[in-house]
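Numbering (my numbering), first residue to last: 1005 to 1197.
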């Protein structure tokens, strides 16, 4: 991970661009639709991150990620990261993306694609509002869990499970970052095996 806003933003964009050809590989209209939706959502989140980092650099005179005293910057950044990872309340796009991809691609989007934004959240966790993180985590757990009960399609169940697990991860991150690392490793192992 990088401690410079622009390098982190470039890394997030490369992460997004690297999965797009994999999502498009089946050459099916659903895959094309899922890829387009994914690209638009990820681009919007990346634009919000770039906006927050520019405001932060303007206010502090530095492009350092760990130097972020402004509540407005932290709020914009948190909204962008929640959108990027598909955490409630910014989760509505996520089940459609997972439904339109192959099972292996859905697994990659549900796990590996969330590592880069999660690393950025780890770097900025000291400046985030703990109560907001816990509230968003609880909301994700409930929405993912309850919506998953109503699903019969495997990929949509995977999407709702991912939303719920990201909620648990957000709660763990707010309480104890080391516990969040363990939670993410267990989630990766459960999903990939």
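All residues carry an ideal CB built from backbone N, CA and C; glycine is no exception. Given the structure is predicted, the values throughout are model-derived calculations rather than measurements.
- One thing to note: residue 1174 has its Cβ no nearer than 7 Å to the Cβ of residue 1148.
- Within the segment 1145-1179, not a single complete beta strand (DSSP E) segment reaches 3 residues in length.
- Judged by DSSP in its simplified three-state form, residue 1131 adopts helix.
- Assignment of residue 1036 by DSSP, reduced to helix, strand and coil, places it in the helix class.
- Comparing alpha carbon positions, the residue from 1184, 1193 and 1113 closest to residue 1160 is 1113.
- Within the model, the alpha-carbon separation for residue 1124 versus residue 1012 is close to 8 Å.
- Contact between residue 1007 and residue 1069 holds: their C-beta atoms lie close to 5 Å from each other, under 8 Å.
- Straight across, the Cα-Cα distance linking residue 1025 with residue 1045 is about 16 Å.
- By the neighbour-count criterion, in which a residue is buried when 16 or more other Cβ atoms sit within 10 angstroms of its Cβ, residue 1031 is exposed.
- Scanning its chain for C-beta atoms nearer than 7 Å, with the 5 sequence neighbours on each side dropped, one finds around residue 1111 the residues 1195 and 1196, in chain order.
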